[in-house]
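Peer 1: Chains as they are written, first to last, in the working numbering: chain A, 4 to 355; chain B, 4 to 355; chain C, 4 to 355; chain D, 4 to 355.
In this text, a Cβ means the ideal position worked out from N, Cα and C, and glycines have one as well.
Note that the coordinates shown come from a computational prediction; the quantities given were computed from them, not determined experimentally.
4 protein chains.
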Amino acid sequence: MIKAGIIGATGYAGGELVRLLQGHRETQIVWYGSKSYIDQKYSEVYQNLFRIVEDVCRDDRLNELADEADVIFTATPQGFLAGVLTEEILSRTKVIDLSADYRIKDVSVYEKWYGIEHKSPQFLPEAVYGLCEINRGRITPATRLVANPGCYTTCSILTAYPLMKEGLIEADTLIIDAKSGTSGAGRGAKVQNLFCEVNENMKAYGVASHRHTPEIEEQLGYACGKNVTLSFTPHLVPMNRGILVTAYASLKRKPDGSLPSEGEIRSAYEKYYGEERFVRLLKPNVCPETKWVEGSNYVDVNFVIDERTGRVVMMGALDNLVKGAAGQAVQNMNLLFGLRESEGLEMVPCFP
Amino acid sequence: MIKAGIIGATGYAGGELVRLLQGHRETQIVWYGSKSYIDQKYSEVYQNLFRIVEDVCRDDRLNELADEADVIFTATPQGFLAGVLTEEILSRTKVIDLSADYRIKDVSVYEKWYGIEHKSPQFLPEAVYGLCEINRGRITPATRLVANPGCYTTCSILTAYPLMKEGLIEADTLIIDAKSGTSGAGRGAKVQNLFCEVNENMKAYGVASHRHTPEIEEQLGYACGKNVTLSFTPHLVPMNRGILVTAYASLKRKPDGSLPSEGEIRSAYEKYYGEERFVRLLKPNVCPETKWVEGSNYVDVNFVIDERTGRVVMMGALDNLVKGAAGQAVQNMNLLFGLRESEGLEMVPCFP
Amino acid sequence: MIKAGIIGATGYAGGELVRLLQGHRETQIVWYGSKSYIDQKYSEVYQNLFRIVEDVCRDDRLNELADEADVIFTATPQGFLAGVLTEEILSRTKVIDLSADYRIKDVSVYEKWYGIEHKSPQFLPEAVYGLCEINRGRITPATRLVANPGCYTTCSILTAYPLMKEGLIEADTLIIDAKSGTSGAGRGAKVQNLFCEVNENMKAYGVASHRHTPEIEEQLGYACGKNVTLSFTPHLVPMNRGILVTAYASLKRKPDGSLPSEGEIRSAYEKYYGEERFVRLLKPNVCPETKWVEGSNYVDVNFVIDERTGRVVMMGALDNLVKGAAGQAVQNMNLLFGLRESEGLEMVPCFP
Amino acid sequence: MIKAGIIGATGYAGGELVRLLQGHRETQIVWYGSKSYIDQKYSEVYQNLFRIVEDVCRDDRLNELADEADVIFTATPQGFLAGVLTEEILSRTKVIDLSADYRIKDVSVYEKWYGIEHKSPQFLPEAVYGLCEINRGRITPATRLVANPGCYTTCSILTAYPLMKEGLIEADTLIIDAKSGTSGAGRGAKVQNLFCEVNENMKAYGVASHRHTPEIEEQLGYACGKNVTLSFTPHLVPMNRGILVTAYASLKRKPDGSLPSEGEIRSAYEKYYGEERFVRLLKPNVCPETKWVEGSNYVDVNFVIDERTGRVVMMGALDNLVKGAAGQAVQNMNLLFGLRESEGLEMVPCFP
């Protein structure tokens, strides 16, 4: 039985981790860390877990926790983990970080986009970017530190990856228009996230400045083998869960001026996702919908070729709290401990 | 492995059955019946099941199905099952009916409230009302026909049952004000259920005439040992899932004129639900919320004593598609086949 | 041109007042009071008013405002106005208070339910309860202080008033089950009002203890000429605006044991509302829906007689920010200044 | 008093026209055309108009209506008006068509995208495209036929127009990602528009094939003086009203390789919209939100320059039923009859 500790257990991502781990047959949660609710019963904060979880919330003492846990999940604000992580901790336990602290290899890029100093860049080299479908080979029992990808990032990368990797699109024409449910904004008490402000409303935010941009650029850069600069625009949607990505790029024309065919594009997706448990390439002409993956670890992707403009429109949908956060963290844990990758993640999406 | 067939597999309750049975370790679905989608892939109707269910939809041929299936779930319009059920079918398979056809013992009451003739009243005596927490003893491997309770009904009965059973309230003062998510209205294409008609709106409907009324009256009548006439008002709420019941009744005063105490009322609830897996009596002062049970088979109940009026306000919340339909049907199936009652139903509620 | 000042102009009720007064031909807002946003442009807080309102927010200085304004609207927390109101202010301007400070005549009842000391009970006798349809005769140019009714209260009273007044129901059997959109919870940044907590959820709250209860009891007590004790349960609904009231009461039987007829009940409603501009008695069998009154000053009411239980189910719907707050305040202002009662309130409900 | 007739009065756009015209001081509706509800009271179909509109619905007899009405609004399916319009009708009355029949000058483009034959192309030359802010000079008392723009179209064009017109962006790099509330899908009873299918869901549809594409291309082509081919992707959002457009284009670099400055872009918007009543250019860094224009005729626009990619992100928001349909139709009517352009359209947006 793997002993897991969670720091930041009462945020939405932390809460989802707790939910998922109840259904994981090889794991037991030994620490519900939540500075705001210390000594309060966890199930009083999340009543859905009433009579299911009996533990009380505890402090954020990572050092102490490192002794008790085989793996620590940190669902904490940016900069927290970087400020407290030590070699001593990593030598005793594994860490899966749901924050952005170890996602970006270039510390100056991190510091520019996040506006904070990185306190432990020495761990950046060993941190593995935990996008399982792409980095699976590097997430092994030997790995100590996993940087769990962001929600927008996971959806954006998986949507565009095969075409970037296969060189089927012009990398610098890539534009990602992303739409997110409101749980992505967290459980902090802010006026802008009140029901009446979000409901019956839609808006873009963080235009040309959202922090997930460099993370997407770095990973897609690895895919196509060169630096990528892209446009990324997040939007807030009046729904609890779900991210939908609509991505646009110019197709690379062949020497004869023709566009890649529907079949060629489809083959590229199949090459990378054909064997994947959690990525579903939909049938032609079926657009991904967030509702079809809700509550599950699936990512649904598809594409449409626009002959008129020479572009391809790529689409992807996932549940931001599952594949976009807690589910992917569990998937990473499974890889770290040599378990079946889908253990605890076999939930069928819930509709309606 | 139990072989299960579903008639009406593409309605919302049918779809939920399919979802739940994917996680049931002892069951295999052998027949996806859906007259509207014959020969179409089930996962094209419910894309959430893409790459999970590969079967195509089939016709409603109950007779043929009776040979293939150990149990048949009928999630069909009122009157359908009563019109086709035969001794021959029941001699070969078990039937769990999610419609109202065999819920009401008095055929004249059924015919009056539903406005249709009952075509096979001969099966009414043997049909068992499948509210597991109350009728568990009668749902056994010997049972052939289960009348799975309605969604409003399950929530209403379980909310009021202990106080009715223990004679703590005046039966004829009972008023049930129920609020339901829109999936309860089904997947039929009707203007009144369009997004724009339901969203940002709330209304009562079927006032003093809703068909679930006699079903609640009959069951609560058994509880208190006499005929009960009550007020039941359903409301439509702009949410997908969930039923919330707020029930009002005058407390029976003791000979000295005093009201039952908080402790006495609580004891009554604990007496009936203390050992129940799926009914959670909340802590004092915590009101049930539909979101805390969403996607799960739980019913959350609680109460508040109003000293000023001498009434008790009883509250209950469940997911209409799970405990209010498909989940309860699976719970009944588990009892019918001698399995662990919670098999396939151990989902933690999903929040947010 | 009437000069109006608003204290608490950046709450939802205050914002609605601003919206409504833009369409009022006889009024000009001279003071946008908002302690939280002093010196900030009002239209930066409410972008819907961009290029419509150019003023900046100002402090809550009631004394200074009394010199500038012919009427002051206070959309402030309980206790604020009672703490600052003076004879000097009232001698210079009229005050329409959207808080509860002067709604309840018995100061001990106020202090018990609100849990605060009333600082200026000397103004209670002259304060007029501003439910125009019932108290119109007392809201005149001579009136200085209007206690604008609460949102739940307005809906509850108007729904039950005719039958209480005409003695057609047993007063002490009255049970009011009310459902409210989330704007009624205000614009404060609280976790429980975040989008993800409210959306796809429904719950009761303040059971047997909500502060609007004594206000309803007092007014309905005047109607039937005796003290009334009733059950009132508010619920939170995932929609922005709207209150729906479902009220239950036993009909008074006639000496021969028969119930009042549909026609008799309807006549009672028509007697009080037949000439009312803003109360619409719907056609038989049409249930009020909050969406049909959204954005307008209308209250829709109707009823169903339940022969089986001898009860009547009364229903009412209004927009909590209009007829339940700002619209009624404008209606009161119109009466105070001898204007046409519907001036500025002739908006057609907005659907969908 | 202008006499107006509406054909298709019971669709959502028709209903909004009725709502707006109640507040128009120079117009009277003389004909509520609705084939589906002939002889039924209009206010039974739209209960928000109970006691406000007393008329009954009538047939679609355009010829007869032409004698009674000074102006006819047709809110009808594609092809209807083209099939019945005659010179005789146009010689007697004005027609404002909310369908697409006369929006596209090139009949072959219309027939290709709409898949139907155009039955009266002879009226195409005289039809004026009724986007008031751009075509105002051509919408005059002499005009007989106005092609009222589509909802996506109005928002898309107004968002990009100044930069296209001023040649600040590379026309063929334009990508429009549009998000719409569900009322845009109409009031037809379709499964895909049921509450449970739309709520908590988001999807793209009509990718690379939506019918509004050529309309946007034609109008923006006029703006920049050459043919434009662009990408347009509509999305369905779980809200009743509102369209949000996020548009991307590469900025034209100056001879020295530099990008246009923030000030230059802003000036272009101010040049075209500075004096416009209904187009609001927001302050820098404020993103348009659909809620801030709800229920009103406003379009809010703004932009962000992305120095990294050399692109500009343009954003626009409007209410699809007002500025995107009925409001613009009224604006056109005002121009046709020489009235103040904003008559009947001065509603302040409703928040929340």
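Please identify the residue among C/W116, C/V98, C/L166, C/L148 whose C-alpha is closest to the C-alpha of C/V316.
Peer 2: C/V316 has its Cα closest to that of C/L166, out of C/W116, C/V98, C/L166, C/L148.
Peer 1: Given that a residue counts as buried once 16 or more other Cβ atoms are within 10 Å of its Cβ, and exposed if not, what is B/G140?
Peer 2: B/G140 is exposed by the Cβ-count criterion.
Peer 1: Mind pulling the beta strand (DSSP E) runs of 3 or more residues that sit fully within the stretch 89-141 of chain B?
Peer 2: With a minimum length of 3 residues, the continuous beta strand (DSSP E) runs that stay inside the stretch 89-141 of chain B are 97-100.
Peer 1: I'd like the list of long-range same chain contacts for B/P352, defined as Cβ closer than 7 Å, with 5 residues on each side in sequence excluded.
Peer 2: Counting only Cβ-Cβ distances below 7 Å, and skipping sequence neighbours, we find W295, V296, E297, G298, S299, Y301.
Peer 1: By how many angstroms is the C-alpha of A/N305 removed from the C-alpha of B/L84?
Peer 2: Their Cα atoms are separated by approximately 41 Å.
Peer 1: Note down the Cα distance separating C/Y225 from B/T185, rounded to an integer number of angstroms.
Peer 2: Their backbone Cα atoms lie some 40 Å apart in a straight line.
Peer 1: Give the residues from the stretch 197-217 of chain D that approach chain A closer than 7 Å (Cβ to any Cβ), ordered along the chain.
Peer 2: Listed by position along the chain: C199, E200, E203, N204, M205, K206, A207, Y208, V210, A211.
Peer 1: For B/L321, which residues of its own chain have a beta-carbon under 6 Å away from its beta-carbon, when the five flanking residues on both sides are left out?
Peer 2: Only C158, I246, V296, V302, G327 meet the Cβ criterion.
Peer 1: I'd like the ranges of any beta strand (DSSP E) spanning at least 3 consecutive residues and lying wholly in the stretch 170-244 of chain D.
Peer 2: Correct list: 178-183, 234-239.
Peer 1: State the DSSP-derived secondary structure class of A/D309, mapped to helix, strand or coil.
Peer 2: A/D309 falls in the strand class under three-state DSSP.
Peer 1: Does the beta-carbon of C/R214 have 16 or more other beta-carbons within 10 angstroms, so that it is buried, or is it exposed?
Peer 2: Classification for C/R214: buried.
Peer 1: So which residues on chain A does D/G245 lean against when the C-beta distance must stay under 8 Å?
Peer 2: The answer, in chain order, is E203, N204, M205.
Peer 1: When you compare each of A/T312, A/L101, A/E218 to A/L324 by their alpha carbons, which one comes out closest?
Peer 2: It is A/L101.
Peer 1: Which residues, in chain order, does the stretch 183-198 of chain D contribute to contact with chain B at a C-beta distance below 7 Å?
Peer 2: Listed by position, the residues of the stretch 183-198 of chain D near chain B (Cβ gap below 7 Å) are T185, S186, R190, A192, K193, V194, N196, L197, F198.
Peer 1: Would you list, in chain order, the members of the stretch 249-267 of chain C that have their beta-carbon closer than 8 Å to a beta-carbon of chain B?
Peer 2: So the close ones are T249, Y251.
Peer 1: Which same chain residues end up closer than 6 Å to C/Q182 when comparing Cβ atoms and leaving out the 5 residues on each side of it in sequence?
Peer 2: One point to set straight first is that residue 182 of chain C is Lys, not Gln, in the sequence displayed. Same-chain partners within the cutoff: H238, V240, L247.
Peer 1: Does any CB atom of chain B fall closer than 9 Å to the CB of C/V333?
Peer 2: Not one chain B Cβ lies under 9 Å of C/V333.
Peer 1: Count the other CB atoms within 10 Å of the CB of B/V149; is the residue buried (16 or more) or exposed (fewer)?
Peer 2: With 16 or more Cβ atoms within 10 Å of its Cβ, B/V149 is classed as buried.
Peer 1: If you measure between the beta carbons of C/D63 and C/I10, is that distance less than 9 Å?
Peer 2: Yes. Within cutoff.
Peer 1: Leaving aside the five residues before and after A/V33 along the sequence, list all residues of the same chain whose C-beta is less than 7 Å from its C-beta, in chain order.
Peer 2: These residues qualify, in order along the chain: K6, A7, G8, E71, A72.
Peer 1: At a cut of 8 Å, does the stretch 333-348 of chain B reach the stretch 265-272 of chain B through at least three beta carbon pairs?
Peer 2: The stretch 333-348 of chain B, when compared against the stretch 265-272 of chain B, does not touch it at the 8 Å Cβ threshold.
Peer 1: State the Cα-Cα distance for the pair B/A271 and B/E169, rounded to the nearest angstrom.
Peer 2: Cα to Cα, the separation comes out at about 7 Å.
Peer 1: What does D/W295 pair with, by DSSP beta-bridge criteria?
Peer 2: D/W295 pairs with nothing; no bridge assigned.
Peer 1: Can you look up A/M4 in the DSSP assignment and give me helix, strand or coil?
Peer 2: In the structure shown, A/M4 sits in coil (DSSP, three-state: anything other than H, G, I, E or B).
Peer 1: Are three or more beta carbon pairs between the stretch 45-58 of chain B and the stretch 10-28 of chain C nearer than 8 Å?
Peer 2: Not touching, per the Cβ criterion.
Peer 1: Determine whether the Cβ of C/K294 lies closer than 9 Å to any Cβ atom of chain D.
Peer 2: Output row for C/K294: interface = yes.
Peer 1: Given C/Y117, which residues of its chain have a CB within under 7 Å of its CB, disregarding the five upstream and five downstream residues?
Peer 2: So the list reads Q81, A103, R214, once near-sequence residues are dropped.
Peer 1: For C/M143, count neighbouring Cβ atoms within 10 angstroms of its own Cβ and tell me buried if that reaches 16, exposed if not.
Peer 2: Correcting the residue identity first, residue 143 of chain C is Thr in this sequence and not Met. When all chains shown are included, C/T143 counts as exposed.
Peer 1: Tell me C/I75's beta-bridge partners as DSSP assigns them.
Peer 2: C/G8, C/V98, per the DSSP bridge assignment.
Peer 1: Name the chain C residues that come within less than 8 Å of B/P352, Cβ to Cβ?
Peer 2: Correct list: empty, because the minimum Cβ distance to chain C is about 11 Å.
Peer 1: Please name the residue in D/K38, D/H121, D/N151, D/Y40 whose C-alpha comes closest to that of D/Q334.
Peer 2: If we check each option's Cα against that of D/Q334, D/N151 comes out closest.
Peer 1: Report all residues from its chain with a CB closer than 6 Å to the CB of A/D42; omit the five preceding and five following residues, and keep chain order.
Peer 2: Cβ neighbours of A/D42 beyond the five flanking positions: V59.
Peer 1: So D/T162 packs on D/A250, CB below 8 Å; how close in whole Å?
Peer 2: That belief holds up - the Cβ atoms of D/T162 and D/A250 are roughly 5 Å apart, short of 8 Å.
Peer 1: Considering A/M336, what are the terminal residues of the alpha helix (DSSP H) in which it resides?
Peer 2: Note, A/M336: alpha helix (DSSP H), 330-339.
Peer 1: What do you get for C/V21, buried or exposed, if any count of 16 or more other CB atoms within 10 angstroms of its CB means buried?
Peer 2: Burial call: buried.
Peer 1: List the residues of chain D that B/Y49 touches, going by C-beta distances under 8 Å, in chain order.
Peer 2: By Cβ distance, chain D contributes nothing, its closest Cβ being about 11 Å from B/Y49, past 8 Å.
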